[in-house]
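Under our numbering, residue 191 is the last one in the sequence shown; the count climbs by one each step, no gaps.
Think of the CB as a built atom: it goes at the ideal place given N, C-alpha and C, for glycine as much as any other residue.
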Amino acid sequence: MEFKKQFYDLLTRRRSIRKYKNTPIDKEIIERILNGAMQAPSGKNRQNWRFIVLSGNKKNEYLLYSQMAWQKLSPILKTRLKPSLYEFTERFFYTLGDAPVIIFCYSHNSPDEKHLTNVGSVYMAAENINLAAFAEGLGCCTMGAPLEIKTQVDQFLGVTEWPEYKKGELELLCAITLGYPDHEPPKAPRVTESRVTFLE
Ligand SMILES: Cc1cc2nc3c(=O)[nH]c(=O)nc-3n(C[C@H](O)[C@H](O)[C@H](O)COP(=O)(O)O)c2cc1C
């Protein structure tokens, strides 16, 4: 397949995975994915992303925090999701789909940079993680849920001891679960109408 077709195929076929096989991921693969993440563009090329990779016992301990985030989110989701999807989502938050790895994405914010530029730069890298994971035959799910219990997560990960955190410059932006997919979810539909305006 030609490169262009393969590339767009990657963008269209990627989807969020919320159930994983209990196969561990080689460290080499994780490093390759994170190296891919760090090829992303960033405001003033500050490369302000900081990643914390959790596996093993520390990952298992995090499940308690994911459950805490669920307690905060479940009332609103109960009104928004149909019962079967609500139950699936609840299971996902309790187990994180048995993902063997979770990557926490932080921004080292600069007072000289616009906040949205700091945030956007890290999300550029997060999207690279999503695409690189797919290219590796892995699946992932970007999660804003940890932001519900941001300070507890910061303490659990130990970043509260970092000098940049003490200066108020380190900000958790999302977590990304990572593992070999154990389901094939349908493609979440995309609306392309009324999303783009061309001016000339
Ligand atoms: C910033 C961001 C935060 C998200 N937070 C969550 C989350 O907390 N829990 C979850 O299950 N999915 C989360 N998602 C995944 C979205 O639900 C998913 O990307 C969307 O439904 C489209 O599906 P797709 O990724 O399969 O194309 C998040 C995605 C993004 C980009």
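For a cut-off of 8 Å, the C-beta gap from N26 to P91 is around 19 Å, too long to register as a contact.
Per the coordinates, the alpha-carbon of K49 lies some 11 Å from the alpha-carbon of I43.
Shown here, W40 sits in a strand according to DSSP, grouped into three states.
Sorting M134, E127, N36, R186 by C-alpha distance to the C-alpha of L64 places M134 at the top. Within the DSSP secondary-structure output, L161 pairs in a beta bridge with H99. Relative to ligand 1, C132 has its C-beta within less than 7 Å of a heavy atom. By the Cβ neighbour-count rule, D145 is buried, with 16 or more other Cβ atoms within 10 Å of its own. For Y171, the three-state secondary structure derived from DSSP is coil.
Taken in chain order, the complete alpha helix (DSSP H) segments of 4 residues or longer contained in the segment 19 to 88 are 47 to 71, 74 to 86.
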